[in-house]
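In terms of numbering that gives the first Met the number 0, the sequence shown opens at residue 0 and continues consecutively.
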Amino acid sequence: MSFFGLDCVRKKERELERKLRANDREYNISFKYATNAIKTNKYNLFTFLPLNLFEQFQRIANAYFLFLLVLQVIPEISSLSWFTTVVPLVLVLSVTAAKDATDDINRHRSDNQVNNRKVQVLIDRKLRSEKWMDVQVGDIIKLENNQFVTADLLLLSSSEPLNLVYIETAELDGETNLKVRQALPVTGDLGDDIEKLADFNGEVHCETPNNRLDRFTGTLIHAAQKYSLDNEKILLRGCTLRNTDWCFGLVLFGGPETKLMQNCGKSTFKRTSVDRLMNVLVLCIFGFLAFMCTILAIGNYFWEVNKGSNFTVFLPRLDSNDATFSAFLTFWSYVIILNTVVPISLYVSVEFIRLGNSFYIDWDRKMYHPRNDTPAEARTTTLNEELGQIKYVFSDKTGTLTQNIMTFNKCSINGKSYGDVFDHTGQRLEINEHTETVDFSFNPLADPRFRFHDHSLVETVKLENPEVHSFFRLLALCHTVMAEEKTEGELFYQAQSPDEGALVTAARNFGFVFRSRTPDSISIVEMGEQRSYELLAILDFNNVRKRMSVIVRNPEGKLSLYCKGADTIIYERLHQSCSKLMDVTTEHLNEFAGDGLRTLVLAYKDLDEEYYNKWKQRHHEASTALDDRESKLDLLYEEIEKDLLLLGSTAIEDKLQDGVPQTIEQLSKADIKIWVLTGDKQETAENIGYSCNLLREEMNEVFIVSGNSVEDVRQELKNARTSMKPDAAENSEFLPERTLGKGVKVVADEVVNGEYGLVINGHSLAYALERSMELELLRTACMCKAVICCRVTPLQKAQVVELVKKYKQAVTLAIGDGANDVSMIKAAHIGVGISGQEGMQAVLSSDYSFAQFRFLQRLLLVHGRWSYLRMCKFLRYFFYKNFTFTFVHFWYAFFCGFSAQTVYDEWFITLYNLMYTALPVLGMSLFDQDVNDMWSFQLPQLYVPGQLNLYFSKKAFFKCALHSGYSSLVLFFIPYAALHDTVRADGKDVADYQSFALLTQTCLLFAVTIQLGFEMSYWTAVNTFFVLGSLAMYFVVTFTMYSNGLFLMLPSAFTFMGTARNCLSQPNVWLIILLTSILCVLPVVTYRFLLIQLCPTINDKVMFKVRQAKATPPPPPRRTRIRRTSSRRSGYAFSHAQGYGDLVTSGWFLRRPALSRPSGLPNTGRTTTSFSPMGRSAGYSPTGRPHVAKAPDVEVTSLQMYRTIADPTL
């Protein structure tokens, strides 16, 4: 790193293998590994000015104005004063530099906040508190509960038995359920003995820094022994330590080399499509400027040759000034005069407009979330109009679409549905926060945050209905949840999946309280009575079985099997006597699924002791078999899980954020395609897809791509494409003559009949993103209405976004709330961060941020569309008024001997863009709107023109140039002809240069002001004041500058003495102004009238409709609950993982024995902190965090998947 903070040092040789030694900084420093400091800022105090100016002058326009400034200080060619360029140039550079400095200061603060966090590092045989930035590779550090992991670490030891630690990886993959990591026994023995840890000198050889979150390979060499290292022994930066008092780790990768930072992607300078088009147009304008100057220089040459000699008597030439040199000087003089085709005030105005529209987003109360006091924030001011052109939205799922809260809403028990509330007439009521909740005071161990509204279920429980008791007994016994009781009666549930947490909590409140477990028993409180069940076996869940069962013996010695799982799976295994009950339950399941709820079915059977003993023996043999163990166990499970008796079904809501289905529906109507990129399992993501209205039953087909090889994936994509469009071409169709930089061709959109969805797995996506396959994926995905990518890594999210950017001429937006979304947010044209449960990393990397996904529709359909519309109107009008202004000079050149004389007064040239026309166009660009926000929501189709670049394009630009050419002809030749050989009423002459200049500039100002009035759709008091005030200002300044007093004070600066009084007092002058104004706007009025009558745009139709409705806003659409009929029902355990049954029965789960208690129900309080329910029923938060809390340092209760004890009976 150099003194200036630039990465200009010689790049070190490519690292092939990482070698490091514990507690040996001198050895490790020799490899020059990165420290743990992170750096996202661009400048420092010394580099800001040179680097920022270098970046700004890379903009063609800024470099051009600097070049003009140099020309203007050369006396031989300068016909304008130097201050006409230097003042606006300095202003533009200063405003941009101030904005860049502010952004970089925020990045510095963010970096400093992270780099200055404290952690305990083992240095010189002592634990010292050090800053994160000072931690180095090879250091041993100590982490404590709820701390962020400082760097990528090799776990050495922990406070938990078997050297386990529990981590939350939400910042990496969005998953909030806990994961377990385990240290090697050889390092676990070090414990927290500082002396032993300080003596540890193990050497690690491992892979080089990379972005693979799910894989790690390496070896530890210690005491002449080699030990294999894998991902299960590594703690990654970005994780949070949970439910573990302390642990020690060895730093393997620091700062920019950690897997989190490797996945963050590079920060790129984002520019809008309007900016990119402007660059092209500015180059075209420069070419046209050079063309005009060349014509005028050639004209000067011929004039000098043919006419110039006649003037040498009173305009003597210098010896060296021949006609050729005169033409050369004239070329550069006209470059200065005609430079107003690209005025620097254009860029000043653009910055002001963007800033103003950014403030509208910040100030919008309808995007403010009062629950956690979070307003919307435009974190960048340069991308507003891009929000009006979005075609693809890439969204995270967990925390973005969903709240990651499971709520127990309804159930069906023995053919009766519970959960709905009815009035006295039998009509079903809509449940809201004011609906009366069930009183659970009869149960001292109930969770006070649980919400349920159907009182009949509680009454049935109290009446001791045997089926209802069996139903909740099953929920209390058939699970892998862990209960922790720190004080008597204060229960904390730690569930491996949020589904199970919600179900066990529901059973708890209805009187069947899961209290504790050991490897071979489950203790529950049934309606106040303590009962202990012997746990004989857990038949574990997996993705094929889609069910789990437990075999238990009750205190009376009766054997039972309890099973819960997917409806289709359970139904196949029911006893034939359940057929009628199954039909009724199926109706309830369809009803639940129609409400978007996740369902599962519960069943049981009683077992014969003799049969079970034989089965248990065969089970033991199968579980110890060396060959084909899993298939043998599956056969045994199938054998015992049959002839089940149906109990009923549960319905859980995976709570979406407020308004998500409505938002997705609105965006779809605006022809915005939504792709969900999530780290969750396929079934979970698919279920949420249906819940949030992204996937619909009405779709023709939803394709699942899950191939395990390149050819499988290719074939699946091809089959999907053939189904959607049987006559589809074999290869991609490219748009002719369109490229997206570096010669990449634009892939054409393919139209299909019907609506389709695509769901693709992470491993299949890895194959599909290969270079030979990426176009196959893109073609198939873009033919679908909705796309869901599951089990994707953060980098894959960015790769999907980059793929669309690479081949599609479309604007992309990525929205997420966690660190795993940062790379996607950085890759998209627009990045939106949601300030949610997963920290602020996404927000810090975003361009816009707010608290709820539903605000996205207002950001795009209102603010984005208005910003784009305003910017396009501004550019069209600005080019019109400046081209018209400049072209008049061009026509005048043919009448002044190509002498580079200006047609206007020099003061008018200076003030035209700064004073006379600046405020009216700014007023239009800040306040104009074709329709109000209510109509924008009512008609999302208004958004489509922005996606197609209909408001401003090369075609619109050339129309504008033609219009300017016509107006300039009228503005020059009408006054010229009208004043030719004209005298005043008193016989005095008015046909002088100064009168002509004044008349021409006055006509120009009136013409462009009237044109502005035609462009404006929404007049406000401010707009009217700006327009009329600017015209008044023109006359005030003109009469002042052309007064006798100023001429006497500075005769050389104010030469137009008395011209205003002499000229503007003539009636014929005002008739000329009226005539030119009418002739300038007449073609525009005619063209627009014919366009509206013959082929009106959607804006024309809507504005006509608004006028018919007398400009009253439409009634706000009623937010109805989106209900779908569905045959997709089971969502159980799709966020569950295989293997936890074995862990429960092995004894690894339990940290300490359950508290001893009397058999009767204790009279204890019922305080609990493990759940944060929201909405109308039980809420289960897998992290147990209060969802409205803002402080990140609040202690929270997290999932506990692997608690252990030293049990003497094991």
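The beta carbon of each residue, even a glycine, is placed where N, CA and C say it ideally should be.
No experiment lies behind these values; they were computed from the predicted model shown.
Check, Outcome
"Residue of Met1015, Leu249, Glu682, Val982 minimising C-alpha distance to Asn200", "Leu249"
"Backbone CA spacing between Gln135 and Ile28 [nearest angstrom]", "8 Å"
"Test item: CB-CB of Gly817 and Asp395 under 8 Å", "yes"
"Residues near Tyr359 in its chain [Cβ-Cβ closer than 7 Å; skip 5 each side]", "His862"
"DSSP-derived helix/strand/coil call for Lys1272", "In this structure the chain extends from 0 to 1209, so residue 1272 is not present and cannot be described."
"Residue closest to Ala650, alpha-carbon to alpha-carbon, out of Val746, Leu328, Ser411", "Ser411"
"Given Pro497 as reference, the closest of Asn209, His478, Trp934 once Cα atoms are compared", "His478"
"DSSP three-state assignment for Tyr492, whether helix, strand or coil", "strand"
"Alpha-carbon spacing of Ala719 relative to Asp594, whole angstroms", "29 Å"
"Own chain partners of Ala780 with C-beta closer than 7 Å, once the 5 adjacent residues on each side are dropped", "Leu757, Val786"
"Terminal residues of the alpha helix (DSSP H) in which Tyr1086 lies", "1066-1093"
"Boundaries of the beta strand (DSSP E) in which Lys631 is found, first to last residue", "Run containing Lys631: none in the beta strand (DSSP E); it sits in the alpha helix (DSSP H), 628-639."
"Met1048 classed as buried or exposed, judged by whether at least 16 other C-beta atoms fall within 10 angstroms", "exposed"
"Burial state of Pro944, where buried means 16 or more other Cβ atoms lie within 10 Å", "buried"
"Euclidean distance between Cα positions of Leu925 and Arg869", "7 Å"
"Ordered list of beta strand (DSSP E) runs contained in the region 639-682, each at least 3 residues", "644-655, 672-676"
"Contiguous alpha helix (DSSP H) assignments of at least 4 residues, all confined to the region 909-934", "917-926"
"Reduced DSSP category for Gly254 - H, G, I as helix; E, B as strand; rest coil", "helix"
"Backbone secondary structure at Glu16 - three-state DSSP", "coil"
"Thr168 versus Ile37 - alpha carbon distance", "20 Å"
"Asp438 classed as buried or exposed, judged by whether at least 16 other C-beta atoms fall within 10 angstroms", "exposed"
"Bridge partner(s) assigned by DSSP for Ile122", "Lys125"
"Coarse secondary structure for Ser348, derived from DSSP in three states", "helix"
"Whole-angstrom distance between Val1101 and Met823, CA atom to CA atom", "36 Å"
"Residue of Phe351, Glu350, Thr373 minimising C-alpha distance to Asp361", "Thr373"
"Delimiting residues of the alpha helix (DSSP H) encompassing Ile28", "24-28"
"Check whether Asp670 and His574 have beta carbons under 8 Å apart", "no"
"Asp927 vs Ser1016 beta-carbon contact at 8 Å", "yes"
"Chain-order list of residues whose beta-carbon lies under 7 Å from that of Phe1034 (same chain, five-residue window excluded)", "none"
"Minimum Cβ-Cβ distance from Ile521 to chain B less than 8 Å", "Note that chain B does not occur in the displayed structure, where there is just one protein chain."
"Contact under 8 Å by Cβ, Ile352 with Phe1005", "no"
"Residue nearest to Ile294 in terms of C-alpha spacing, selected from Asp519, Tyr333, Glu256, Leu644", "Tyr333"
"Other residues of its chain near Gln665: CB distance less than 6 Å, five sequence neighbours each side excluded", "Gln856, Pro939"
"Cut-off 7 Å between Cβ atoms - residues of its own chain near Leu1074, not counting five sequence neighbours on either side", "Ile973"
"Terminal residues of the beta strand (DSSP E) in which Phe886 lies", "From DSSP, Phe886 is part of no beta strand (DSSP E) but of the alpha helix (DSSP H) over 864-892."
"For Asn383, the three-state DSSP class (helix, strand or coil)", "helix"
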